[in-house]
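This report refers to the structure that appears directly beneath it.
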Amino acid sequence: QEEALLFELGRADATGVDFDEPEPFIARLGTLERTGDIGLPGLSEPEAVRHYVRLSQRNFSIDTGPVPLGSCTMKHNPRLNERMARLPGFADVHPLQPVSTVPGALALMQELAAWLMEITGMPAISLSPRAGAHGELCGMAAIKSAIAAKGEAATRKVVLVPDSAHGTNPATAAMVGMPVRAVPVRADGTVDPAEVAKLVGPDIAALMITNPNTCGLFERDIAEIARIVHEAGAYIYCDGANLNAIMGRARPGDLGIDAMQINLHKTFSTPHGGGGPGSGPVVLSARVSAFAPLPLLRTGADGVELVEVGADADEARPFGRLSAFHGQMGMFVRALTYMLSHGGDGLAQASDDAVLAANYIRVGLADLMSLPFGNRLCMQEVLFDDAWLKDSGVTTLDFAKAMIDEGYHPMTMYFPLVVHGAMLIEPTESESKASLDLFVATLRDLALAARAGDSERFTGAPYYAPRRRLDETRAARQPVLRWTPPAPIAEAAE
Amino acid sequence: QEEALLFELGRADATGVDFDEPEPFIARLGTLERTGDIGLPGLSEPEAVRHYVRLSQRNFSIDTGPVPLGSCTMKHNPRLNERMARLPGFADVHPLQPVSTVPGALALMQELAAWLMEITGMPAISLSPRAGAHGELCGMAAIKSAIAAKGEAATRKVVLVPDSAHGTNPATAAMVGMPVRAVPVRADGTVDPAEVAKLVGPDIAALMITNPNTCGLFERDIAEIARIVHEAGAYIYCDGANLNAIMGRARPGDLGIDAMQINLHKTFSTPHGGGGPGSGPVVLSARVSAFAPLPLLRTGADGVELVEVGADADEARPFGRLSAFHGQMGMFVRALTYMLSHGGDGLAQASDDAVLAANYIRVGLADLMSLPFGNRLCMQEVLFDDAWLKDSGVTTLDFAKAMIDEGYHPMTMYFPLVVHGAMLIEPTESESKASLDLFVATLRDLALAARAGDSERFTGAPYYAPRRRLDETRAARQPVLRWTPPAPIAEAAE
Amino acid sequence: MRYLPLSETDRGEMLARVGVRSMDELFADIPQAMRAHGLPKLPRHKGEMEVERLLSRLAAQNRPAGAGPFFVGAGAYKHYVPATVDHLIQRSEFLTGYTPYQPEIAQGFLQYMFEFQTQVCLLTGMDVANASVYDGSTACGEAVLMAHRVTRRRKAVLSGGLHPHYAEVVRTLSALGGDTVETLAPDVRATEDLLAAIDDTVSCVVVQTPDVFGNLRDLQAIADKAHAHGALLIAVFTEAMSLGLVTAPGDMGADIVVGEGQSIGNALNFGGPYVGLFATRAKFVRQMPGRLCGETVDAEGKRGFVLTLSTREQHIRREKATSNMCTSSGLCALAFSIHLALLGEVGLRRVARINHAAAVKLADALGAVPDVEILNDTFFNEFTVKLPKPAADVVAALAAKGILGGVPVSRLLPGAGLDDHLLVASTEVNTDDDRAALVAALQEVL
Amino acid sequence: MRYLPLSETDRGEMLARVGVRSMDELFADIPQAMRAHGLPKLPRHKGEMEVERLLSRLAAQNRPAGAGPFFVGAGAYKHYVPATVDHLIQRSEFLTGYTPYQPEIAQGFLQYMFEFQTQVCLLTGMDVANASVYDGSTACGEAVLMAHRVTRRRKAVLSGGLHPHYAEVVRTLSALGGDTVETLAPDVRATEDLLAAIDDTVSCVVVQTPDVFGNLRDLQAIADKAHAHGALLIAVFTEAMSLGLVTAPGDMGADIVVGEGQSIGNALNFGGPYVGLFATRAKFVRQMPGRLCGETVDAEGKRGFVLTLSTREQHIRREKATSNMCTSSGLCALAFSIHLALLGEVGLRRVARINHAAAVKLADALGAVPDVEILNDTFFNEFTVKLPKPAADVVAALAAKGILGGVPVSRLLPGAGLDDHLLVASTEVNTDDDRAALVAALQEVL
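Protein chains in written order, with the numbering used here: chain R, 1 to 494; chain C, 495 to 988; chain D, 989 to 1434; chain Y, 1435 to 1880.
Following this line, the structure appears as structure tokens:
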């Protein structure tokens, strides 16, 4: 059954809430009272429940099946997190109520900060960023501020970005006014310190690197790279999207990283929710820690203090404010709940299991699908390219869409850009061995079918989803971005 | 995708909870410590979530589409009810903690009782019964006790039950040790007082009637029937399953009813939950009110009092206890939440809308489907028979199964027994006009297809459900009522 | 009104289509003399915010178990239920679905029922279990009726260790059906001579373990004698968690096992809804009351599940049914099944051990209080304490100090001469601080 | 560990299949010198019950808005959100789904986004809206950057009525990008001369209404002058509920409308997550940041929805993107959309009127307190009060009496000489008793 749009179901006079009109009073709106209809449709509660329940059923989710999206870390979202985030003491607290009435909220933020610093081995953190890319912006802003503090703002402006970077890295560099220069990736999928050495100089502000990188590999020369960058007077930003691979195995703080965002909705299980909200705290090295944004947390005589104004920031030199209030508290509660549940032992085990699962998939598929950097150990995700599909009439996209018919969310496709037709698979630690075995068996079955020339199974896929393939070109060429009322019949007839 | 059984997914060493072993201690189990494996499978939390989410998706529910089951009143289940029932002050309270620590719980029960008595116009109530049939048992026990108190226990034993009664009515009579005698229904689908007059006598304990009855009709001679029954020294039990038709329009207390159960999961929106839990408070007339079961609520000097012991019951003469503790508190909270939300005006409007919706469906289908008692006004449900399907090769069952393919839960089928191939449709007040229009249009389309001889669409239905028709005969002939481990291969080979 | 989708315009159009001029006319079948005119004595509808405030105010007048030290049991127990359980049972497709009479669109319900039945069989050591009944006490009442059907006898013998509410339910049902019940005297120390009560007129013996006083009972000898006389042994439990640590009734010869499943997956709820577990031997299945799910195949040969053996049930058999029940405890059974799946074998056993350890700790601590005597040799997570004062007074005094210290036996058995007896339970939710607080407070109030 | 499905046996089998002898070997690529060896300084894993207790203890140290009289606003507002909203957004298929890049299995997300975009257009009076950004303040910052792109100028003028946090965000982003910002002085009584600040170098004027002091602003004259000079008007709101009662920014000439949507559907959450609304004129759509959902058809011609115009976005355009954002405020936007669907036109307008009435009542009552002055001529549900004492002290004194009385302007604008100014908000959650309590307490503490 199809589900109509809210605007087709709803009615101007319908409502799903009951409030009595206020008693007559004299309005204080001046001349600015809204006139005319807004045009909003309303639904009674039963209709609203059915509409959204039906809509939900048209979505795939972790709870319904594996979502092996590389670099997205779609792991289990515990329900305890949701329950804790809804405690009135967290959910029903205003960011500007007196600080004396929220000591528990500040303590929670401080505790979260302590865990994240310990996990990453970094000495400072800002909880303010509202998503991963916001965290990148925060980290690069801190680096830019540190450069400015050294009086090099005018000269040190270029950011080095490896080919394999997320699109957010160059976009973030652009937002802090820094042009990007590419660093080629060597044949084994990692960054060559020699290449970095060639590129660094007094114009270089920072290197943005991802580690483990988007090929699923640990940048084994990271320490050497860091040394080269730091000696050149520049800084290292690390994209922390893949932190889930290395908890308890390596600490960014030991690798020479100056700033790194932590996607709480990846490594620390806050729900993706179909695109957000995220949360992207940034850990900072001693080199840049003075340059975090407002607000700051500080341990004072009376416990945790909240610093909201630059003048109160003591030795800190905040570069400003990235958003209103103190950050994504709701996500902090969930992430801390997750961490307390796992403990240090559980977090390390999670990383181990995640890496084991990716390698298990790798060996399960290595004979049928092609590994651009050879059949070697990977981190929490394994990268295939489309060389094995050559001449099959099946593309990476087709293959991914056929996975839908088998009950899976497709893997990350066509990313990273350094390999052709990339398929980046990250199972996470949340899948059982039985689930991994079934996944491997299913992909083997699909791969054999593709090689056998059964291309229709792929090019027409998905067949068993709520929709067949959608016309994205049409959507972009003739954008219809909102509902508009159908023309009245009389008008239409004119 | 299929979903394996818990026993196929789970493992003996897996668990989704974390507890540390207790420190060593000396057990006090005597010789009765359990030895050997229990055989229970465990799941990690991610696996459990996925298992049950996937299972849920194989169910139809009110939230996903209309469930027009006659006499079941599948109405909207507000989420506020769920939230209120989970307040720690209701959900986390023990039935045997000191009464002084639960005044709010008793007050809530008292308030619920007051609303139910006012809606039904009855002077007394027992909240104790745990479901509708339990309420019937309670009501009939009260009647039996009243008869015994008059010294007629040995002689007055027969219960009159109209043909159109629910199966629970005779089963309940059997549980109170009373044989059943049938009352034929007259041609217009209601009970004829003259028939009752013929049957009453000193051996008759009670008449069990349903009003509105299961043909969707109001028993218009109920007052006359009550007079006859009472004059003969007997009592009237009314099945309250269809109370949703008459709130604010008629009160059982004004009709001469002596006892009636109220299904909170029908009229008062507590969730059906795939079969329970229910709750079946019983309202009682002055004639039988002394004979309610324990525990009782009573308004004393210090507010509401809980009477748990017969000796403390003053003028009441409880016939015993129907179950442990005080009843379905969780359902009481939900029902009262629903009532407070609706208010007297909203409850009356709900009944009006429910009756209007049933009649709207009636007139929408009357020309295509057959109405056994003529195209006349009905109450909250409309009854069709299968006369119109004669020679079509399509049965009531086939027609109902075809509704599944159109996105509907089938209506009640083959009940009441007084008509052939009954189809009993109750839309409730929760469906919008658009939903009712679509329902009528869909059933018209189906009816026309059935008449046009497209029998395959029906006899093979459902085609688009998680399962095709299931072999119920096999299930009953070779019952497999639990999972058993597959025989080990070696053993199987022997 | 937010729950009513029809607008006044809709109503007008629909009335016109129906062919009546007003809502009043729709109710023409109700004779004028009987007509009610709305519900004017009830208050007007209220907004959600206002309703929430009203109910929150009532709720706030009650003292939740989780608000402080809590040792109340006697048939309902405070355990920790994972957040996942409550989340899952609130899914629309579980919460708002109907009884699965249409199996094609109810496989989710039916499969969990099949899994639940199996879990109950494993826990109790029995062959078959139904998909749940109202609660433990009604399960007990139905078990006695079933034993009468199986044995064609009409006399039940109830142990003096049976929960008094359960015994009352049995007596109520038996009185209605004209059957006989012999209830033994309250048996605090599990010393009653049940064997002596068994003869060829008895249909069943009903024994609870752990009994209401907390004692564990070895049922084998009772089973043997009952069987020798053609009677059945009905084993009862009120604390399902105990089955993780103590011998299964099915391993001690029970013919029917019934009990309360609230402890697993369900909140205290001031007494309900709970979930009655009901299991028996395969040979008695057709005499069993309640809903049953069975495995079968669909038209394409795929495994599927249906409600089955419904010829036992009221909607088919009418007055010949095994019971008049037509409601199970659906969502509570689902919660039970999910919680038990999360626990698994290792989790259940461990939590059961923690419960026992908690009770042992508490018994040792209370036993050391002057003038306090622990009456049990054996117990699981609850035991009976003899106090130098009426237990009801002590409980009231403890409550005034914020401690819910247990259930006075006098509340369950008034007039039985056990007014100085107190039932005390300790589960995994109790901390050492909780126990220390009880001991300290008890010393003060004694 | 309950969240990790692999057993030790599984791990052993999988390691063998991978061809390594230990977990350590899996991490061979990490040079030994950099290896960490677990996280020994962090505590061990904890059971759910224990974690819940720890967090509940922290939560209990905070004073929730619902615990007593509450008048705090200044950019985040306490409103009543129906239980249905939170229930629906917790459905697995909404909660745990990924960004809808695979539209065939994400039509539920995409359809609500299309509906959300339309709702935002209607509320703001604009042509197009994105599927939400982080919050109102970041929306404001992004709007300025967008205006720079559209006008190819790099100077923004900020009204003195703009929320100081929002102004700070604009200044931070502008400083990073090397752009210029002119911020007018705090404008308590809405008397600033914005028109004078507009010239041909200005890319945009940013004006909030209701402004941070509560005043309603007529934007038309500013829009006219801005347009005459080739600049854009960016209209900002921090209280989405106001759009139900006050003139839409789109009807006063705004080119970009941004604001905070928290008030509809979302809790206070101590500042986040919230939902940033972002709408503009159709002609600017390709310069707009953020995710957009558009209608299209599938291979069978059925209506469907996809993410579209992604050539604006970072994952395609890299450094040429309109923003680096790759996260919307998904679930918060869904909550907004559901709550607004439940409200509908009539509900939104009515709740907005109730808010206004509540604030008018409170203003009248506070205005009658000696030495207290209400500074606003106009307002929606919040206004500025001048006190005879520092507002921060007054707020602290009120808090000690259990009343959260508002936000001292000094907290937002320290050193601005407005220490005796207090922002006070009243919404539909406030009762007459709440207001009376505030007035009484204020009289005591002044």
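Just so it is clear, CB atoms sit at the ideal spot from N, CA and C, and this is done for glycine as well.
The C-alpha of S430 (chain R) is placed about 28 Å away from the C-alpha of Q1466 (chain Y). Rounded to the nearest whole angstrom, the CA to CA distance from M1686 (chain Y) to L1653 (chain Y) is 5 Å. Nearest CB-CB separation between R1436 (chain Y) and chain D: below the 9 Å threshold. Secondary-structure assignment with DSSP links K1374 (chain D) through a beta bridge to D:E1361 and D:H1409.
E305 (chain R) is bridged by DSSP to R:R298.
The straight-line gap separating the alpha-carbon atoms of V723 (chain C) and V849 (chain C) is approximately 29 Å.
With contacts defined by Cβ atoms closer than 9 Å, G407 (chain R) and G65 (chain R) form a contacting pair. Looking at the DSSP output, S126 (chain R) sits in a beta bridge with R:V282. Interface with chain R (9 Å Cβ-Cβ cutoff): H1597 (chain Y) is included.
Taking one beta carbon from each stretch, the stretch 1535-1550 of chain Y and the stretch 1763-1781 of chain Y have 3 or more pairs nearer than 8 Å; the two touch. Following the DSSP letters along the chain, one finds P1598 (chain Y) inside the alpha helix (DSSP H) bounded by residues P1598 to G1611. Residue burial annotation: P252 (chain R) is buried, with at least 16 other C-beta atoms found within 10 angstroms of its C-beta.
The Cβ atoms of G104 (chain R) and A1493 (chain Y) sit closer than 9 Å to each other. DSSP places I143 (chain R) in the uninterrupted alpha helix (DSSP H) bounded by G132 to A149. Rounded to whole angstroms, the gap between the alpha carbons of A194 (chain R) and G344 (chain R) is 36 Å.
For S1191 (chain D), the nearest beta carbon of chain C is not closer than 9 Å to its own beta carbon. No Cβ-Cβ contact shorter than 9 Å links R1725 (chain Y) with G167 (chain R). The C-beta distance from A1071 (chain D) to E1482 (chain Y) rounds to 7 Å, short enough to fall under 8 Å. By the 16-neighbour rule on beta-carbons within 10 angstroms, L1629 (chain Y) is exposed. Taking one beta carbon from each stretch, the stretch 824-831 of chain C and the stretch 972-982 of chain C have fewer than 3 pairs nearer than 8 Å; the two do not touch.
Contacts with chain D (Cβ-Cβ distance below 7 Å) from the stretch 30-56 of chain R involve S44, E45, P46, E47 and V53, listed in chain order.
Contact annotation, L1776 (chain Y) with V17 (chain R): C-beta distance approximately 6 Å; criterion of less than 8 Å satisfied. Closest in alpha carbon position to P202 (chain R), among R:S126, R:K150 and R:N242, is R:K150.
Here D1017 (chain D) is near L871 (chain C), since their CB atoms are less than 9 Å apart. Contact between the stretch 1521-1540 of chain Y and the stretch 1705-1716 of chain Y is absent, with fewer than three C-beta pairs closer than 8 Å. DSSP places K895 (chain C) inside the alpha helix (DSSP H), whose first and last residues are T890 to D899. Nearest in C-alpha terms to P1723 (chain Y), of all of Y:T1756, Y:V1554, Y:D1805 and Y:E1807, is Y:T1756.
Contact annotation: D686 (chain C) and G868 (chain C) have beta-carbon atoms that are not nearer than 9 Å. Counted as a single uninterrupted DSSP element, the stretch harbouring P46 (chain R) is not any beta strand (DSSP E) but the alpha helix (DSSP H) occupying residues E45 to S56. At a cut-off of 9 Å, the C-beta of A1236 (chain D) has no neighbouring C-beta in chain R.
The stretch 883-891 of chain C makes contact with the stretch 937-949 of chain C; the number of CB pairs closer than 8 Å reaches 3 or more. Around the CB of P1396 (chain D), 16 or more other CB atoms lie within 10 Å, so the residue is classed as buried.
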